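Per my numbering, the sequence shown starts with residue 1412, numbered consecutively. Each residue gets a CB set at the ideal place from its N, CA and C atoms; glycine is no exception. Only a predicted model underlies this, so the values are computations on that prediction, with no experimental measurement involved. Taking it in order: structure first as structure tokens, then the write-up.
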Amino acid sequence: MTAKPVLNRAQFHTSVARLRDLPASQAEIAFAGRSNAGKSSAINLLTRKNRLAYTSKTPGRTQLINFFELDANVYLVDLPGYGYAKVPPEIKAQWEELLSRYLQERSALVGMVLIMDARHPLTPLDQRMLDWFLPRGKPVHILLSKADKLSGNERAQTLRKVKQAVAEHASVSVQLFSSLSRMGAEEAAERIESLLGPVEPAEGNDVAEVLAAQHP
Ligand code: GDP
């Protein structure tokens, strides 16, 4: 691949319910976050496609992994939002299996963008996403979303607090973000594009390949 993948080329590619159905991919960046944290708004702003990530919110798609193609075999991946108040235990278990294995094993995954409401950062479920992904040592970029809802002082305090909380992990970066005011949009887009390219081909032993071998 020569040119950098560009976020505004994003186009819906596919929705996946099971790991074995993950598409072949050279590089992908996953967007994760609690439901209502502002993930869809962030994806729409960063890709400059007003309704793109709402595809992921259509009935039947909210629990799926949604792939948006940025370039040949390069994807932005919208992971299912978590933290719904009333989720039956079996759905919760499915969610944990899907998300944890995707984050721990997907070889094409080059980094994660974790969207957290700046007013409620680092909830226990956000922490779990980090616990699953951080051991791989790949970059995590945290967007403290809806920062327009905080005063200047509160913004500075929140940023400092979250940076302190993740300071032991060199692979984690944090910034303030607002889809409403576009605060931090350029910084976020640059970070994501630099994580994605130029990229080396993914190595074997991908979770989808392993599962395909187990269940031909
Ligand atoms: P998702 O469930 O994480 O995909 O969240 P959405 O992007 O759908 O946003 C959830 C709600 O928060 C919606 O009502 C959005 O309009 C609102 N929202 C999202 N981003 C922002 C933001 O940056 N500022 C403000 N004030 N509201 C936002």
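Check: leucine 1554 C-beta below 7 angstroms from any heavy atom of ligand 1: no
Sequence-distant residues of its chain with Cβ nearer than 8 angstroms to leucine 1418 (five each side left out): Leu1457, Thr1458, Arg1459, Leu1481, Leu1487, Ala1600, Ile1603, Glu1604
Other residues of its chain near leucine 1514: CB distance less than 6 angstroms, five sequence neighbours each side excluded: Trp1543, Phe1544
Environment of ligand 1 in chain order, Cβ to heavy atom below 6 angstroms: Taking each Cβ in turn, the ones that pass are Gly1444, Ser1446, Asn1447, Ala1448, Gly1449, Lys1450, Ser1451, Ser1452, Gly1492, Ser1556, Lys1557, Asp1559, Lys1560, Ser1589, Ser1590, Leu1591.
Cβ of methionine 1523 within 8 angstroms of any chain B Cβ: Protein chain content of the structure displayed is limited to a single chain, and chain B is not contained in it.
Range of the contiguous alpha helix (DSSP H) that encloses glutamine 1422: Run containing glutamine 1422: none in the alpha helix (DSSP H); it sits in the beta strand (DSSP E), 1422-1427.
Selection from Asp1537, Pro1532, His1424 that minimises the alpha carbon distance to methionine 1523: Asp1537
Rounded C-alpha distance that separates glutamate 1565 from leucine 1587: 11 angstroms
As assigned by DSSP and simplified to three states, the class of alanine 1558: helix
Contacting residues, own chain, Cβ-Cβ under 8 angstroms from arginine 1462 (five flanking each side not counted): Asn1455
Cα-Cα separation, tyrosine 1465 to serine 1451: 6 angstroms
Close beta carbons around tyrosine 1495, own chain, < 7 angstroms, minus the five adjacent residues each side: Ser1446
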